[in-house]
Every structure is written in C-alpha cells, then in structure tokens.
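In our numbering, the protein residues as written are 193 to 345.
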C-alpha cells in the first residue's frame, strides 16, 4: 500500500509539472517592465517617444504627444527643445528613464499629482518609464527630463 501511494504521488507531481507551463501561458501576458530594455532588432537608433501627461494642473500640458528626433517633429509642443535635451542625456551620469531605487534616500516632499508615461525608442533603446512627483528623487528625475516632460509646480 505504501509503495502504491508513493507511485501515485510521483505520477501526480509529474502531471502537475507538465501542466504548469500551459497554466502559466494561459494566464495572459506579463506586465511590461518600467526599465530600459535592450536594443530592438531592426531599430535604426532614432528617437520616437510617446509622452502621456496627466494631472499637471495645466490643461494645455496634459495629453498624449508624439516626439521624434533627428529631425525634431511630432505633436510634442516643444519638440526641438525636447530633442536637444534628449541629445544631452548620454553624457550625464544618471539615466533618467531608470526608476528610482527602492533603497534611495529621498526628501519627503510632494511635488503635485502630475504623472507621466514615456514609451517608445530612445537612441535605439526601448523605453517604458513612469514618472510622478511624489518625493524629492522623483521630482529630480522629472525635472531632468524637462522639456520632454512639462514644467509643473
């Protein structure tokens, strides 16, 4: 009886492990990360970003904008200046698209309810980054991308 019970347990575990990948795959796609992703195959290294702003307190700044660089264009209200800012970023020490580390020591100040989402491609890198103004680190990160992100207070 004990041998039969052990054999049943082994067969049951084998069946579960074989079914696990199928169960995981049917659960739907995983959420996209908010970290810079590696170079996309076939990407020409150009910049094409979608910038979505909400809660800025300025109805003219809130909305969804397309930004293309080299040459500057799209529906972004300050495309030329935004592209100039993006061109400066590789020479600076911090990557503005990388989220603030959970271990970072940030001042506890609130910069307002503005949020932003930047997706697309920057210099051949896939970008999917979220921004807010919930503490000093996040405010600094937001401000480092002005005028890609609007000047809010």
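Note that beta-carbon positions come from the ideal geometry of N, C-alpha and C, so glycine has one too. Since this is a predicted model, take the numbers as computed values, not measurements.
In whole angstroms, give me the CA-to-CA distance for residue 293 and residue 283.
21 Å
Residues in the same chain with beta-carbon distance under 6 Å from residue 323, minus the five sequence neighbours each way, listed in chain order, please.
308 and 334, listed in sequence order.
Nearest-angstrom beta carbon gap, residue 258 and residue 266 [assumed within contact, 8 Å]:
4 Å
Please determine, among 331, 263 and 248, the residue with the shortest C-alpha to C-alpha distance to residue 301.
331
Indicate the three-state DSSP secondary structure (helix, strand or coil) for residue 240 in the structure shown.
strand
Residue 278, DSSP secondary structure in three states
helix
Environment of residue 299 [buried if 16+ CB atoms lie within 10 Å]:
exposed
So who's on the other strand from residue 336, going by DSSP bridges?
Paired residue(s): none; residue 336 is not in a bridge.
Answer with buried or exposed for residue 248, where buried requires no fewer than 16 other C-beta atoms within 10 angstroms of its C-beta.
buried
Residues of its chain near residue 296, where Cβ-Cβ distance is below 6 Å and the 5 sequence neighbours each way are ignored:
329
Note down, in chain order, each residue of its chain lying with its Cβ closer than 6 Å to the Cβ of residue 337, except the 5 sequence neighbours on either side.
288
Which whole-angstrom value describes the C-beta separation of residue 313 and residue 239, a residue pair presumed to lie in contact below a C-beta threshold of 8 Å?
Contact flag correct, Cβ pair sits at about 6 Å.
Cβ-based neighbour list, residue 278, same chain, cut-off 7 Å, excluding 5 preceding and 5 following:
Excluding sequence neighbours, residue 278 sits near 239, 261, 314 and 340.
Residue 305 versus residue 326: straight-line alpha-carbon distance, rounded
8 Å
Run the CB neighbour count on residue 286, radius 10 Å, all protein chains shown included, and call it buried at 16 or more, exposed below.
exposed
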